[in-house]
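J.: The structure's right below; bear with me while I get my questions together.
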Amino acid sequence: STGPDVTSREFSFPAVEGERYWVSVGWPAGDYGAYAWPSASGRLFRGLTPRNDGVDGAIALGSTRGLTAASNAYATTAPGELGEQLGHSTVWWTYEAPTPGWYEFHTTGTQPALAVFEVDATGSLREISRNRDGRVVFLAEAGKQYAIRASTLDGTYGGSLGLYWRPVDAPAWLRYVGSFADAEDPQGDAVQLIDAGSLVIDAEDSRLYGLAVFGRNADTGALTDGTSLDEDLSGSVLLLDTARERLIADRCGTWRVYTGLDDADGIEGDDLTVEGDPANCGRRLLLEPEGAFLYRVAPGQGIDVFAVEGGGLRYLQTTQLADIRDAVMAPGGDFVYAARLGSCDRLDCRLGSTSQLRTLRRDRESGSLALQDRYWYFSAADDMDSLSIHDDERLFVTRRASGLTAMYELASGVLTPSGTSVSLLSVPDVSTQLARPFEFSSARPGSAAVDVFGTDVAVGFEVLQGEVDLLANGRTDRFGNRLPLFGAPNGLAASPDGRHVYVSTYQHGVVAFERVGAGVEHGDPYARLGILEVSSGTVSFAGEMDSDGCVAVDDLEHDGVAYTVRSSKWQWRPNADWPWTDVAGTAKTGEFCPHTPAEPGHYRLVVEMDVDGTTTQYASNVLVEDDHGDSIDDATAVGVPSVTGGWLDPDDEDYFRIELEVAGQLTVHSEGWIDAEGRLLDEDGDFIASDSDGAADYNFRIARDMDAGTHFVRVHEWASRAGAYTLHVDFEAHMSDLVVEAVSVSDASPDPGASFTLSATVRNDGKADSTATTLRYYRSTDGSISVDDAELGTDEVGAVMAAEKSEHSVDVTAPEEPGTYYYGACVDAVDGESDTTNNCSGAAAVSVAMALDESNGNPTGVAHANDMLFVLDDSDDKVYAYTTSGGRDADADFDLDDANGSPSGIVFANDRFLVVDSLDDKVYAYGRSGERDASSDFDLASANGAPRGIAATDDTIHVVDYWDEKVYVYRTTGERVASSDFDLAAPNSHPAGMTHADGALYVLDSIDDSAYAYATSGERDVDNEFDLKASNSSPTGMAHGNGSFFVVDSTADQLFVYSGGGATGGP
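The numbering of the sequence shown is the working numbering, which starts it at 48 and goes up by one.
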């Protein structure tokens, strides 16, 4: 990870198990920091890279929807990936959609980013979608493979994440097609498009009219062959009167009409005769479907109504709507919807809004408009400016200042009381200072989508999903095309097929966009026919024909409408994620027939039918043949363990039957894109337990101890939405689990060779009874009991009921050799035991003490040297020698100097014995054989007047003082090292001896019978402290050697032995 080509501070390599590797962290060679900074701080992280760290190791995903857990902790970043601004620590998956369509992938995690790539036959990647908020939507084609890349942004570390995917409705995307201005006509003359305004497209979808007439390529959306009209239409609003093959233009009462529209070169203009026109300035012209009445929307005035008579117009009336901003007509012509800034009455002002939507019913005979219902407030906004409508189902409203757009459902022409809105301010990369005049919008056909245009901004809204596709400020679209800064829009027209939309501008001509996704893709060709109903094995038409046989419909009249069936067939799909396919053998001519489904899924009857002479394609209701039963009587049997897929439709519920042969813990959980509740039921269907929000992203999770027998699981969808799920069933049979507890001994300090009792209790921690087995007793030299230790005896153990105990004991003999020993027991495992690693007990420590010589009746200290123990005696001022196994070695005894009459501690250091004297506050030195070495004597500090123990390290001597509860430090030559002195811990207030072991100092306490531990610098080391045996209640000295502590007791006249650090093996 060094050198001039370094692009990141990470690296990876294939590590071999058992090999040792060295990692160097520092400045790269030649880096400025290596010379400018004397030091630097940082942290090094290491871990196993994920198996899908690179695209070559991508994990394959399947199914139409799902979720998978992953982690990009310790994932690496390939060269060049950081430059793509998609983050670091990348992990990869591949996906091939089972059915083509729009799919959404999103990931959880800290600052996630996602990208989708198309994989070609050579394995090369082509990016098709990316998003830095962890969510991407793309159109998956049949048979193509896609690579999904997840990463982490900025300086955030990688970690756990979840990847989710599912089919989604088509988004509302825009693709920039081009800008058409200053073109040339077929004669080579320039076509000027300065101050382009209102636009219209002819019904044949071949020409666009404005200041100029363009040919239009319906496939690409491109405009060609521009021809300028020889008149100034700037500021006019245009209306195409298709039935009369003419174009009408109005500019504040100046009316013009153009004919000869089939040939751009032959277009002729003339004044349009309008009788009684009040000459209001209009924003929009509306022509009702029959062409008998024309309406001019005049902002601030109202809606002018004109009768179309002959070749001209006659003014009829103005529907007064003060502060009207815009109005549109429903395609059926029965309703007009108007947006206005209403008066602020008390209620309006309390609600903080005066914007209104008004519904006006149109009288077909007179053309007049009348208020249909009350008005509705729009999101507390006071600048509701632009309306858009494409069908009789939805009305879109847009705020001029912010672009906030709302959608209102239309029921029989009447507005719903509230709308669903989407704001541009919810888009992460849009500044909150964005203030564009959004004055033009165009609804997409057959969808909840609308396109909105403002200054240098084009936006596709999918309102129900809250999706926003924003093209602004000269940025590129999702397809790599850069949008020009086209300024403020001045007019708009959408192609009749809905695929393209055109925006005229003041300075940049006409800007064209292609719609992608919602409203332009081919949808279901079959419309729902409410009077055609099916169920399993029956078919019904108009409520007049219910039959389990075929039905012929020939010129059947219902509610004044004549119906004739041309052909019919049944269709099937697994669930709502899949396309419809024809059911073989069900096609009929001139009739439709019932069908009894043979497998689960969705079914419908589709027909081609003449309705009042017009041939149309219709579909029945959807018949759902459930994949799993709806009751315990027809529940689906599932294994143990098992994973079963399912699909829930609204108000559906699925039942599953589980047979348990033995008692145990049953766990069931559900995963999927639904909000399901699960219930566990007994064999009669009665409630046992339920859950609706399981942990770990489960829909639900239930874990319960169950007896053998039949049980049921019911899965129900809470939110009444369709979706796939998987039911997971796991089972753990109840088993016995034998453990040995409460091991104890009748005498923890027996004499050598004495008898004592070892007791143990066998407990069954399992949930099933055990069979008979054997308990084995052991002695160990360490604190861990295992079957490898010395076996001392056995005991028969009968069957132990679940959660019950069985008590046992055996008599054993203490070893002859002094020391600390450990006793315990292990029970033999039985068949079917759940855990066989816990069959041995803990240890009970037994200390076999060493008896001192009868003459050694007042011991005050002990030292370990040359694999021997040397015990001071204060009565006869002598040192007694013992082997570590307890034997006397009188030849090694030696007398103390006459002046050394109050010995209180001894240590062997630097090949000599040092004996501290509590009366004359001095350390006396002796050779290894006991001869005096007066030259090595030294006096203690005056404050060190009550010495009670002495210990030595490599270069220092430590003497503990009883009165001031302190440790004094000296050089081995006797010089004071006062800076290293330290006070004892508060509980260690009666020091009685000390030693050094394994880098720590240990100080005895004669009152609480404990050994306190300290670092040589004085900090207390609680973890290494240990308590003394109860019979060791008068400790006067201690030593350490051969891995054991030796503590001499002045009352018991014994030398007690403690293993290791004492804390794990004190008697």
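Backbone N, C-alpha and C define an ideal beta-carbon position, used for all residues, glycine too. Small disclaimer: the values here were computed from a predicted structure and weren't measured.
(1) Cα separation between residue 437 and residue 647?
(2) Pick helix, strand or coil for residue 178, following the three-state DSSP scheme.
(3) Assuming residue 120 is part of the beta strand (DSSP E), what are its boundary residues?
(4) Buried or exposed: where does residue 85 fall if 16 or more other Cβ atoms within 10 Å of its Cβ makes it buried?
(5) Taking residue 909 and residue 1086 to be in contact with their CB atoms under 8 Å, please state how far apart those CB atoms are, rounded to whole angstroms.
(6) Can you find at least 3 beta carbon pairs, one from the segment 98 to 117 and one from the segment 141 to 161, that sit closer than 8 Å?
(7) Taking 8 Å as the cut-off, decide whether the C-beta atoms of residue 335 and residue 361 are in contact.
(8) Just the Cα atoms here: how many angstroms apart are residue 823 and residue 745?
(9) Mind checking which residues open and close the alpha helix (DSSP H) that includes residue 1088?
(10) To the nearest angstrom, report how far apart residue 195 and residue 163 are at their CA atoms.
(11) The beta strand (DSSP E) that contains residue 1059, what's its start and end?
(12) Within its chain, find whatever has a CB closer than 6 Å to the CB of residue 242; leave out the 5 residues flanking it on each side and keep chain order.
(13) Using only CA atoms, which one of 660, 633, 659, 637 lies nearest to residue 651?
(14) Look at the Cβ atom of residue 374, then the Cβ atom of residue 344, and state whether they are nearer than 8 Å.
(15) Quick one: what does DSSP say residue 938 is sitting in, helix, strand or coil?
(16) Going by C-alpha distance, which of 541, 456, 1081, 622 is nearest residue 1099?
(17) Taking 8 Å as the cut-off, decide whether the C-beta atoms of residue 844 and residue 820 are in contact.
(18) What would DSSP say about residue 318, mapped onto helix, strand or coil?
(19) Going by DSSP in three states, residue 1069 sits in which element: helix, strand or coil?
(20) For residue 990, which option in 1004, 1010, 434 has the closest C-alpha, if you only look at C-alpha atoms?
(21) With the cut-off set at 8 Å, would you say residue 198 and residue 119 are in Cβ contact?
(22) Taking C-beta to C-beta, are residue 112 and residue 722 nearer than 8 Å?
(23) Mind listing, in chain order, the continuous beta strand (DSSP E) runs of no fewer than 3 residues lying wholly within the segment 813 to 859?
(24) Do residue 747 and residue 703 have their C-beta atoms closer together than 8 Å?
(25) Indicate the three-state DSSP secondary structure (helix, strand or coil) for residue 102 in the structure shown.
(26) Taking the straight line between their C-alpha atoms, what separation do you get for residue 839 and residue 872?
(27) Have a look at 1053, 1042, 78, 1076 and flag the residue whose alpha-carbon is nearest the alpha-carbon of residue 1035.
(28) From this set, 524, 160, 590, which residue's C-alpha is nearest residue 603's C-alpha?
(29) DSSP beta-bridge partners for residue 603?
(30) Taking the Cβ atom as the reference point for each residue, do residue 620 and residue 611 lie within a distance shorter than 8 Å?
(31) Would you grab the beta carbon distance between residue 575 and residue 684 for me? Rounded to a whole angstrom, and I think it's under 8 Å.
(32) Between the alpha carbons of residue 178 and residue 160, how many angstroms are there, rounded?
(33) Excluding the five sequence neighbours on either side, which residues of its own chain have a C-beta within less than 6 Å of the C-beta of residue 852, listed in chain order?
(34) Could you tell me which of 405, 572, 218 sits nearest to residue 491, measuring between CA atoms?
(35) Below 8 Å on the Cβ atoms is my contact criterion, and I expect residue 1062 with residue 1068 to pass it. Report the Cβ-Cβ distance as a whole number of Å.
(36) By the DSSP assignment, the beta strand (DSSP E) with residue 1138 in it spans what residues?
T.: Checking against the coordinates, here is how it stands:
(1) Rounded to whole angstroms, residue 437 to residue 647 spans 38 Å at the Cα level.
(2) strand
(3) Counting along the chain, residue 120 falls outside any beta strand (DSSP E), and DSSP gives it neither H nor E.
(4) Taking all protein chains shown into account, residue 85 has fewer than 16 neighbouring C-beta atoms within 10 Å of its C-beta and is therefore exposed.
(5) 5 Å
(6) yes
(7) no
(8) 46 Å
(9) Looking at the DSSP string, residue 1088 is not in any alpha helix (DSSP H); the run it does join, the beta strand (DSSP E), is 1082 to 1088.
(10) 5 Å
(11) Per DSSP, the unbroken beta strand (DSSP E) holding residue 1059 starts and ends at 1057 to 1062.
(12) Caution applies to residue 242, whose pLDDT of 47 falls short of 50 and renders its modelled position unreliable; the value that the coordinates give is listed next. So the list reads 281, 553, once near-sequence residues are dropped.
(13) 633
(14) yes
(15) helix
(16) 1081
(17) yes
(18) In the three-state reduction of the DSSP assignment, residue 318 falls in the strand class.
(19) helix
(20) 1010
(21) Against a cut-off of 8 Å, the Cβ pair of residue 119 and residue 198 comes out as a contact.
(22) no
(23) 820 to 827, 837 to 844
(24) no
(25) helix
(26) 9 Å
(27) 1053
(28) 590
(29) 610
(30) No.
(31) Actually they are not in contact, since the Cβ atoms of residue 575 and residue 684 sit about 37 Å apart, beyond 8 Å.
(32) 6 Å
(33) Non-local beta-carbon contacts of residue 852 in its own chain, meaning distances under 6 Å to residues more than five positions away in sequence, involve 808, 810 in chain order.
(34) 218
(35) 6 Å
(36) Given a span of 48 to 1114 for the chain in the structure shown, any question on residue 1138 remains unanswerable.
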